[in-house]
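J.: Residue numbers (our numbering): 34 to 162.
(1) Does the distance from the C-beta atom of residue 75 to that of residue 53 stay below 8 Å?
(2) What distance in whole Å lies between the Cβ atoms of residue 126 and residue 70, which are believed to be in contact at a cut-off of 8 Å?
(3) Taking just the CA atoms, how far does residue 96 sit from residue 63?
(4) What are the boundary residues of the alpha helix (DSSP H) that includes residue 60?
(5) List in chain order: all unbroken beta strand (DSSP E) runs of 3+ residues lying wholly within the stretch 66–106.
(6) To which residues of the same chain is residue 34 closer than 7 Å at the C-beta, ignoring the five residues directly before and after it?
(7) For residue 37 and residue 45, I'd like the C-alpha separation in whole angstroms.
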């Protein structure tokens, strides 16, 4: 589905993104971060997971014990100024927790300001959970 929705994503890249989405979910489940969504590339897979609401609701309840809500960057207020401090160390937190991060390039640190003018051109923003 990633390749059909995002024409610039190859099969190999889609597998990398889904692999790191699983790591993101592990971080949420294990409370490594509270209100930081995934980085932009991983967020693409997150959005596609959410749109199958029944499947996602069951997954969310089984994995997190609750429905994991998500506010995409374009529906929230501009990113807070401390987003880099709060959300810029996903990889370190995962590795410190014993979770291998294979595709570190997908975990680009969040930026602030890039999305404010045109949210659809954002390529390194984080969404809020």
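Cβ coordinates follow ideal geometry from the N, Cα and C atoms, glycine included.
T.: Reading off the structure:
(1) Yes. Within cutoff.
(2) Incorrect: roughly 14 Å between the Cβ atoms, too far for contact.
(3) If you take the alpha carbons of residue 63 and residue 96, they lie about 10 Å apart.
(4) Its alpha helix (DSSP H) spans residues 44–62.
(5) Runs found: 69–72.
(6) Taken in chain order, the residues that qualify are 81.
(7) CA-CA distance, residue 37 to residue 45, rounds to 14 Å.
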